[in-house]
Amino acid sequence: MTRGALLAFVLAALTTGAQAQPSLLVGNKSADTVWALDRASGARIAEYATGPAPHEIAVSADGRSAVVTTYGHKSASHSLAVIDLVSGSTRTIDLGAHGRPHGLQLLADGTALVTTEASGALLRVDVGQGEVIGVADVGEGLGHMVAVSRDGAAAYVSKIRTGTVVRLDLASMRATTERRAGAGAEGIAVAPDGRVWVTNRADDTVTVHHPDSLELLATLPSSGFPIRVVFTPDGRHALVTNATAATLSVFDAATHAAVATVALAPPDAALQDTLLGSGPLPIGAVVDPLQPRAYVAISGADRVAVIDTRDWRVLAYWTTGREPDALAVVPGESPRDP
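Just so we're aligned, residue 210 is where the sequence shown starts under my numbering, counting upward by one.
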């Protein structure tokens, strides 16, 4: 055995069975990094170089790795970054002709679904092998974010310019249905009951759609550029970030009634320009699966707001890198309050 092979064997032995530290991952778009923050204190425990403008993050089911879409700045990026959360190493996956990767979901088999704005496609990527294994045409209109049906058979892509949502069959990688959502359709998520929620940033609305037909079932007001939607683990509440209003709208997921509006602007943070303009500009959001906590990236203030989901109040603001956006939770319990 060569010295290099022996070293690789020893490193593999040392990391076998090792677990990544529980954390909150934050994609800092202008800094080209992902930070890992302690989910109890907000302290930075790791930093990873990702490539240009990390936009979305997805963590593997075992919590050992994370996939990041690198969108690019003035020039389009054509790659994904994969972070080994145990060893701290990173690698890239070349997407070939498909540029501006943005929306991202990991499937149960470990493959990734990625929207690429420059090619109008939804890609299926074998993360382990590092190659594109499927391509679906989502059509004109700037396919932006992607969500997956509860049974894993379908994907849904929001299209900003056409204000529509597209349903795609993942077995055939073909679009089956497209329906109107609202002007500037961007954020998208599948509720625990299977319905598809879309935030329509130019209409100041959130629309709810049937998962098969995409029939419009409800339209909810959410003023101030609604840009992302996520659900609490118990399925009771939908959380919508409103970028220009710097608020979080909370809805009852079953009745669609407004529950609360949370002001998110940090009182003492200097504001900086972002890709969306000036202001606090909250964008990415994620809910902790083990604690009554939600986290929102305040992109113009370089902060993450920590929100108590029992009474909808901000508990703390944590410092991030420049222009935070995407958030993801690495599994594992963090028992202390912030």
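Every residue gets a Cβ at the ideal spot worked out from N, C-alpha and C, and that includes glycine.
Run through DSSP, which three-state label would L377 get? Within the sequence shown, the letter at position 168 stands for residue 377. Note: L377 maps to strand in three-state DSSP.
Buried/exposed call for Q314, threshold 16 Cβ in 10 Å: Locating residue 314 in the sequence shown gives position 105, counting from the first residue. Buried, because 16 or more other Cβ atoms sit within 10 Å of the Cβ of Q314.
Given 8 Å as the limit, is there contact between the stretch 492-503 and the stretch 472-480, that is, 3 or more CB pairs closer than that? no
Return the chain-ordered ranges of every alpha helix (DSSP H) run that is complete within the stretch 312-343 and spans a minimum of 4 residues. none
Rounded to whole angstroms, what is the Cα-Cα separation between R388 and S422? For the purposes of this step, residue 388 is taken as residue 179 along the sequence shown, with counting starting at 1. For the purposes of this step, residue 422 is taken as residue 213 along the sequence shown, with counting starting at 1. Taking the straight line from one Cα to the other gives about 8 Å.
Would you check if the stretch 406-414 and the stretch 381-397 touch, i.e. whether three or more CB-CB distances between them fall below 8 Å? yes
Assign D534 to one of two classes, buried (16 or more other C-beta atoms within 10 Å of its C-beta) or exposed (fewer than that). Start at 1 with the first residue of the sequence shown, and residue 534 comes out as number 325. By the neighbour-count rule (16 or more Cβ atoms within 10 Å), D534 is buried.
Can you tell me whether R359 is helix, strand or coil according to DSSP? In the sequence shown, the residue the question calls residue 359 occupies position 150. Coil, per DSSP.
Taking all protein chains shown into account, do 16 or more other C-beta atoms lie within 10 angstroms of the C-beta of G361, making it buried, or fewer, making it exposed? Numbered from 1 along the sequence shown, position 152 holds the residue referred to as residue 361. Counting Cβ neighbours within 10 Å, G361 comes out exposed, since fewer than 16 surround it.
Exposed or buried, what is L215 when buried is set at 16 or more other beta-carbons lying within 10 Å of its beta-carbon? The residue you call residue 215 lines up with position 6 of the sequence shown. Reliability fails at L215, whose pLDDT of 37 lies under 50, so the model's placement of it is uncertain and no value is given.
Roughly how many angstroms separate the alpha carbons of S367 and L294, rounded to a whole number? Residue numbering aside, residue 367 sits at position 158 when the sequence shown is read from its first letter. Residue numbering aside, residue 294 sits at position 85 when the sequence shown is read from its first letter. Going from the Cα of S367 to the Cα of L294 covers about 30 Å.
When you compare each of V523, T518, L480 and R273 to G509 by their alpha carbons, which one comes out closest? Residue numbering aside, residue 509 sits at position 300 when the sequence shown is read from its first letter. Comparing Cα-Cα distances from G509 to each of V523, T518, L480 and R273, the minimum goes to L480.
Look at P401 and A455 and say whether their C-beta atoms are less than 8 Å apart. Position 192 of the sequence shown, counted from the first residue, corresponds to residue 401. Position 246 of the sequence shown, counted from the first residue, corresponds to residue 455. Not a contact, by the Cβ cut-off of 8 Å.
Is P158 helix, strand or coil by DSSP? Residue 158 is absent from the structure shown; the chain starts at 210 and stops at 547.
Answer yes if the stretch 522-540 comes into contact with the stretch 459-467, meaning at least three C-beta pairs across the two stretches below 8 Å, and no otherwise. no
Continuous beta strand (DSSP E) assignments of at least 3 residues falling wholly in the stretch 479-533: 491-496, 502-507, 512-517 and 522-528
Which partner residues of S296 appear in the DSSP bridge assignment? Position 87 of the sequence shown, counted from the start, is the residue given in the question as residue 296. Per DSSP, none; premise fails for S296.
Go through its chain and collect everything with a Cβ distance to A385's Cβ below 6 Å, but skip five positions before and after it. Reading the sequence shown from its first residue, position 176 is the one you call residue 385. Per the sequence presented here, residue 385 reads as Thr, with Ala not at that position. Answer for T385: R376 and D378, listed in chain order.
L429 and T414 - do their beta-carbons sit closer together than 8 Å? Position 205 of the sequence shown, counted from the first residue, corresponds to residue 414. Position 220 of the sequence shown, counted from the first residue, corresponds to residue 429. A contact, by the Cβ cut-off of 8 Å.
Among G372, D247 and H282, which one has its Cα closest to the Cα of D241? Your numbering for residue 241 matches position 32 in the sequence shown. For D241, the nearest C-alpha among the options comes from H282.
Short CB-CB distance (under 8 Å) between D421 and chain B: No chain B appears in this structure, which consists of one protein chain only.
Kindly list the residues whose CB is nearer than 8 Å to the CB of R445, restricted to its own chain and excluding five residues on each side of it in sequence; keep chain order. Within the sequence shown, the letter at position 236 stands for residue 445. Hits under 8 Å: D461, A462 and A463.
V513 to A494 span [Cα, whole Å]: One-based indexing of the sequence shown puts residue 513 at position 304. One-based indexing of the sequence shown puts residue 494 at position 285. Those two C-alpha atoms are separated by around 9 Å.
Give the DSSP-derived three-state secondary structure of T456 in the structure shown. Here residue 456 refers to the residue found at position 247 when the sequence shown is read from its first residue. T456: strand per DSSP, three-state reduction.
Member of A321, A262, E395 and G236 whose CA lies at the smallest distance from the CA of P435: Taking the sequence shown and counting its residues from 1, the one referred to as residue 435 is at position 226. The shortest C-alpha separation from P435 is found at E395.
S274 (DSSP reduced to helix, strand or coil): Counting from 1 along the sequence shown, the entry for residue 274 is found at position 65. Residue state, collapsed to three classes: strand.
Check whether the Cβ atoms of G339 and T373 lie closer than 8 Å to each other. As a working note, residue 339 is residue 130 in the sequence shown. As a working note, residue 373 is residue 164 in the sequence shown. Not in contact: G339 and T373 (Cβ atoms no closer than 8 Å).
Whole-angstrom distance between P540 and E532, CA atom to CA atom: By 1-based counting over the sequence shown, the position of residue 532 is 323. By 1-based counting over the sequence shown, the position of residue 540 is 331. Between E532 and P540, the C-alpha separation is close to 24 Å.
Can you tell me whether DSSP reads L216 as helix, strand or coil? For the purposes of this step, residue 216 is identified with residue 7 of the sequence shown, where counting begins at 1. For L216, the predicted model reports a pLDDT of 37, less than 50, meaning its position is unreliable and no value from the coordinates is stated.
Close beta carbons around T320, own chain, < 8 Å, minus the five adjacent residues each side: On the sequence shown, residue 320 is found 111 positions in, with the first residue counted as 1. R333, V334, D335, V336 and I342, listed in sequence order.
Taking the C-alpha atoms as reference points, what is the distance between L301 and G486? Here residue 301 refers to the residue found at position 92 when the sequence shown is read from its first residue. Here residue 486 refers to the residue found at position 277 when the sequence shown is read from its first residue. First, the amino acid is wrong: residue 301 is Thr here, not Leu. Cα-Cα distance, rounded: 30 Å.
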